[in-house]
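Visitor: Residue 266 in the numbering used here sits at position 30 of the sequence shown, with consecutive numbering throughout.
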Amino acid sequence: PTSLQVLSSPVISMTYIQNCGDSSYGIAIAIHYQVLDQNGQTMNASNMEPQEEIVNVVINGQHIKPDPFPNWVDLYPTTYPSSSKYTDSNGQFYDAPFGSCNNSQGFVLTNTQYLSILLNGTRYSVRTNSWEIDSSSSGHGSVTNSTDVTSSR
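#1: Between the alpha carbons of Asn275 and Arg363, how many angstroms are there, rounded?
#2: Where do the N-terminal and C-terminal ends of the beta strand (DSSP E) with Leu354 fall, by residue?
#3: To the nearest angstrom, how far is the alpha carbon of Gly377 from that of Gln277?
#4: Beta-carbon separation of Tyr252 and Ser374 under 8 angstroms?
#5: How about Asp310 and Glu285: are their beta carbons less than 8 angstroms apart?
#6: List the endpoints of the continuous beta strand (DSSP E) containing Asn292.
#7: Taking C-beta to C-beta, are Val379 and Ile295 nearer than 8 angstroms?
#8: Please report the distance separating the alpha-carbon of Ser318 from that of Ala332.
#9: Tell me whether Tyr177 sits in a helix, a strand or coil according to DSSP, three-state version.
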C-alpha cells in the first residue's frame, strides 16, 4: 500500500460524534477510502488495518497541547455502521465519523492527519491530510483538506 483514493465523503448525522447532536455547531462526514498500490492500482485485500495520527491541532488560533493522538491508533471502533478495524475485501474502509463539534459556539479547527496501513506487521504511510473544520452557526459546518474532500451542511 502506498496511497489512498477518496471514493466519497458524504455528510452524516452529528450524533455519530460523542456528545454531539444535529443542532451542534460543526460537521461529521464518512470518508470512504480505497487503498492503492505503488502503481495506483486497487489492493483488494481484507487484512489491512487503517490507522491515524492527529497532530498540530489548533482551535480558534490556540495550539492544543499535548496533541490528541500523537501515536498511531486504529480508526475503529466507532458507532458508524460501515466502520471496521480492517479493510473490506475490496481494500476499502471508512474514516467515520470524521469531523468536530461544539454545542455552544462557532469555531475554526485545523490539524494534520497522518494515515497509515498496517499490513502483516509492517506500517505503510499512505496519506497526509491538512484539515480545516469550521462552523459559525448551530446546525452548520464545513470541512476541507483543500484537495479532494470538501463537505458542508
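Backbone N, C-alpha and C fix where the C-beta goes; we use that ideal spot for every residue, glycine too.
Guide: A quick look at the data gives this:
#1: Between Asn275 and Arg363, the C-alpha separation is close to 15 angstroms.
#2: Counting along the chain, the beta strand (DSSP E) containing Leu354 begins and ends at Phe343 to Leu355.
#3: A direct Cα-to-Cα measurement between Gly377 and Gln277 gives close to 34 angstroms.
#4: no
#5: yes
#6: Glu285 to Ile295
#7: No, they are not a contact pair.
#8: Taking the straight line from one Cα to the other gives about 8 angstroms.
#9: Nothing can be reported for residue 177, as the shown portion of the chain is limited to 237 through 389.
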